[in-house]
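Residue numbers (our numbering): 2 to 872. Just below is one structure, and these are the notes that go with it.
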RNA sequence: GGGAGCUUAGCUCAGUUGGGAGAGCAACUGCCCUACAAGCAGUGGGUCACAGGUUCGAGCCCUGUAGCUCCCACCA
């Protein structure tokens, strides 16, 4: 082993070895139970960020754990074509070259897009490898691969045939910059300061005027009515009459509709069915025409008259000026309101009536809700089920058509001869209705999330009845961020149920966002993102992984900090050095199985601790409590193994007794090997690198069995007794520090104790670790001399003669302090034991423990009192 | 308007069937002792936001209050 921990010297090499040896490959094995994770496919446009790093680390840890536990573990990787995000990027790139989509044409553009994909899809995969991701690369899938495209077609056609996909004119969200529709979840709302403009509309044939309030005056060209509340006494008599739309001088009706809120504004609302979801509904109720006033790029169309061709905001500005000059504008009131923005380009989204394709959600939502209610799918933590219900129960139809080129094209053709609409799995040559040959495919592509929704089964071979699908589906756990529940998780659930008749996964492990040091979201605009690859370069992948898992609870956001990674790097260093200690000391010695050696108290103690850790870590991992598991392993490795056990082993290791040496090195090796296995899922590189040097091991640790709790190795009594030895050592160390005695000065110890055998057996350890030269058993305090400090412990009293360093006054003070501590413990235990409620209702085990504590403290109290008396 | 989360040591956060408050970092003291100074030993530091309630027992369960954060819906 190299003297220094240097992750760069082995991480890439190990990854190559793992990959080449086929360790990550999952092949159906009917003697094993499958455990499947499908990776949330990163966008091909993307670069690895901290969010990915967290997501991938969680998945890798789980899959490595399951693999070691003997499952047929499949972690299926892939990438997403990310229709809109990718198209936006390519268009930007083209713009720099002075090119437009139109210039290239659809085919030319797609050619370029595929070239882009070839160039960048590999990048994110390489980055995942740097992290140590043990996914089965032979199954790498791209959402626009042939198999996914087949699945998309199959699903589309099936839903179409069931009338669950339909085409219709609805209000949709339009991004004027991306020039495409967006689904409801792709719109992000933000409060914006704006105005509420009060505009006068004259009533036809009367001297009255109604004043409407609007935040988007430019849409007035599309007004086809004004509405008042039918119960509103102010305007009731006007219902059925008309108003004259200013500027355009068009006559539009006054309708009575509950939508008009009497309390808001003037109580009169202009109705623009083509540009507002509520108005659209009002329009439906009153048979109003929907008049679109905007073009796809957010400029005004011919309906705006002289404003035609102007951008919507420029039009607003000039129109307001005109209205003001003509006396129509009666009031401008500041008003903050929620404005929708495109989640890709941030442009303000326009609600527009448009003919689009929709998935009818009502029938799909119900079973998806039930599946979670019935625990076929479990959210971890549970609270996210509520978020899910809330959305599912109120979900509206899903607009799936996008006016883009990069994506799955909608498998619908229109016959120019007879007007038929044909939806088919395979491209039709002739019209099945009229036999005509003039078929034209729908120009639009599908929402990216339409193919993502099929991911858990499209990747496994759907629509074919593959052996993989039968074996690996439903998958076991989906690991993803809570920000993606609506986009993806919910859609996978209803899609799985609809097309596979089974939920896509049993558990959904949610994690939060990785924020920056100050708790802010990492973002490009803030420039506060931390590049995981740079962190890996500096500290190694294991340190980054551990820092992302340690102290993290499911569903909670976490902060990234260099300090945290540094602390983890120190842990790696610790593991490295401890291993080096064990391995170098094992050179030339025989490492024996535990059964063949005589275990000393310290051995039994550490082995016992190890069993508890194995049990608890496994339990925690099965509950996806990775943060808790990390903490337990950290503490065990650093405190118990390194700080205590390695130190305890030194007397034997450096002594002359060959048998003891062999025993010590055997236990050290045994525990180290287990630590490496236990830690491997979290920090795969360092553990495997070390494992290969551990005597008696062969091959990679990633295919070894995960340690199992062995009750025969629990040694509960011996382990408990050994705590007495640790107490003695700690007490002597503390006493030395307290009195300012140099740690290197060897002191003599005198003990009054009933555990002479235990202490004698561990004398070497005590002397070495406490920095003492001898132990003498005595029967009373005076034998230790006058200038001795007394440490009263459960195992007995230790007297440490310190000569001139002892200040009797301070010693009295200290003992009185300890007495007070012990007394308060006695009061606490006594109180409990005298509480009839506690005695009657508390579990017996607890009562017994409490009684034992009381006895222990009473004994200590007597000893301290005696000590004080002697001072 | 609806919903969720958070509030624990100076800082960042764990604490999952309710049974003596923890870690890392920071601070203080002392140590290079043949794995590790990226280290070791020791020490200090918390009315677990607040107020009630349930219970023999509450950081944990229930109700309410306050502050912060997030999500959804809607606001012409």
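Note that beta-carbon positions come from the ideal geometry of N, C-alpha and C, so glycine has one too.
Would you call the CB atoms of residue 452 and residue 409 closer than 7 Å?
Remark: C-beta atoms of residue 452 and residue 409 approach each other more closely than 7 Å.
For residue 463, which residues of its own chain have a beta-carbon under 8 Å away from its beta-carbon, when the five flanking residues on both sides are left out?
Taken in chain order, the residues that qualify are 152, 155, 455, 470, 500, 501.
Inter-residue spacing [alpha-carbon to alpha-carbon] between residue 220 and residue 173
Residue 220 and residue 173 have their alpha carbons spaced roughly 16 Å apart.
I'd like the span of the alpha helix (DSSP H) that includes residue 569, first residue to last.
Per DSSP, residue 569 belongs to the alpha helix (DSSP H) from 563 to 587.
Please report the Cβ distance between residue 523 and residue 517, rounded to the nearest whole angstrom; I am assuming they are in contact, meaning their Cβ atoms lie under 8 Å.
About 5 Å separates the two Cβ atoms, so the contact holds.
If the criterion is Cβ atoms closer than 7 Å, does the pair residue 386 and residue 380 meet it?
A contact, by the Cβ cut-off of 7 Å.
On the three-state DSSP scale, how would you describe residue 552?
In the structure shown, the three-state DSSP call for residue 552 is coil.
Identify whether residue 319 lies in helix, strand or coil by the three-state DSSP scheme.
Note: residue 319 maps to helix in three-state DSSP.
Cut-off 8 Å between Cβ atoms - residues of its own chain near residue 651, not counting five sequence neighbours on either side:
For residue 651, same chain residues with a beta-carbon under 8 Å away, outside a window of 5 residues either side, are 769 in chain order.
Take residue 130 as the anchor and find which of 46, 18, 435 has the nearest alpha-carbon.
Ranking 46, 18, 435 by Cα distance to residue 130 puts 18 first.
Supposed contact pair residue 497 and residue 557 - C-beta distance, whole angstroms, cut 8 Å
With 8 Å as the limit, residue 557 and residue 497 do not qualify as a contact, their Cβ atoms being about 27 Å apart.
Checking 7 Å against the spacing of the C-beta atoms, do residue 398 and residue 359 come in under that value?
Residue 359 is positioned such that its CB atom lies closer than 7 Å to that of residue 398.
By a C-beta neighbour count over all protein chains shown, 10 Å radius and 16 as the cutoff for buried, is residue 594 buried or exposed?
Taking all protein chains in view, the Cβ of residue 594 is surrounded by fewer than 16 other Cβ atoms within 10 Å, so the residue is classified as exposed.
If contact is defined by three or more beta carbon pairs under 8 Å, each pair taking one atom from either stretch, is the stretch 700 to 710 in contact with the stretch 651 to 666?
Segments in contact, no.
Measure the C-alpha to C-alpha separation of residue 49 and residue 606 and round it to an integer number of angstroms.
For residue 49 and residue 606, the distance between alpha carbons rounds to 44 Å.
Beta carbon of residue 788, beta carbon of residue 799: below 7 Å?
Their beta carbons are not under 7 Å apart, which means residue 788 does not touch residue 799 by this criterion.
With contact counted as at least three CB pairs below 8 Å, one residue from each stretch, are the stretch 174 to 189 and the stretch 342 to 360 in contact?
The stretch 174 to 189, when compared against the stretch 342 to 360, does touch it at the 8 Å Cβ threshold.
Could you say which of 149, 279, 324, 186 lies nearest to residue 249 if we only look at CA atoms?
Of the candidates 149, 279, 324, 186, 324 places its Cα closest to the Cα of residue 249.
Tell me where the alpha helix (DSSP H) around residue 832 begins and ends.
Looking at the DSSP string, the run of the alpha helix (DSSP H) that includes residue 832 is 809 to 834.
Sequence-distant residues of the same chain with beta carbon closer than 6 Å to residue 230, five excluded per side:
Cβ neighbours of residue 230 beyond the five flanking positions: 261, 263.
Among 233, 270, 234, which residue has its Cα nearest to the Cα of residue 246?
Nearest option by C-alpha distance: 270.
Could you check what DSSP says for residue 601 in three-state terms: helix, strand or coil?
Correct three-state label for residue 601: coil.
Taking the runs of the beta strand (DSSP E) that are 3 residues or longer, which of them lie wholly in the stretch 721 to 793?
With a minimum length of 3 residues, the continuous beta strand (DSSP E) runs that stay inside the stretch 721 to 793 are 748 to 754, 773 to 778.
Give a yes or no on whether the C-beta atoms belonging to residue 446 and residue 403 are separated by under 7 Å.
Their beta carbons are under 7 Å apart, which means residue 446 touches residue 403 by this criterion.
Am I right that residue 830 and residue 802 are in contact with their C-beta atoms under 8 Å? What's the rounded C-beta distance?
Not confirmed; about 33 Å, so no contact.
Identify whether residue 416 lies in helix, strand or coil by the three-state DSSP scheme.
Here residue 416 sits in strand by DSSP.
According to DSSP, residue 176 sits in a beta bridge with which residue or residues?
Paired residue(s): 181.
Count the other CB atoms within 10 Å of the CB of residue 232; is the residue buried (16 or more) or exposed (fewer)?
Exposed.
How would you write the range of the alpha helix (DSSP H) that residue 592 sits in, first residue to last?
Counting along the chain, residue 592 sits inside no alpha helix (DSSP H), nor does DSSP assign it H or E at all.
What is the DSSP secondary structure of residue 87, reduced to helix, strand or coil?
The answer is helix: DSSP assigns residue 87 an H, G or I state.
Would you call residue 335 buried or exposed, if buried means 16 or more other Cβ atoms sit within 10 Å of its Cβ?
With fewer than 16 other Cβ atoms within 10 Å, it is exposed.
How many angstroms separate the CA atom of residue 25 from the CA atom of residue 37?
Roughly 12 Å between the two C-alpha positions.
Span separating the alpha-carbon of residue 255 from that of residue 227:
Taking C-alpha positions only, residue 255 is separated from residue 227 by approximately 5 Å.
Under 8 Å Cβ to Cβ from residue 337, same chain only, skipping five residues before and after it: list those, please.
Result list for residue 337: 192, 193, 194, 195, in chain order.
To the nearest angstrom, how far is it from the Cα of residue 726 to the Cα of residue 809?
Residue 726 and residue 809 have their alpha carbons spaced roughly 27 Å apart.
So who's on the other strand from residue 357, going by DSSP bridges?
Checking the DSSP bridge columns, you'll see residue 357 partnered with 169.
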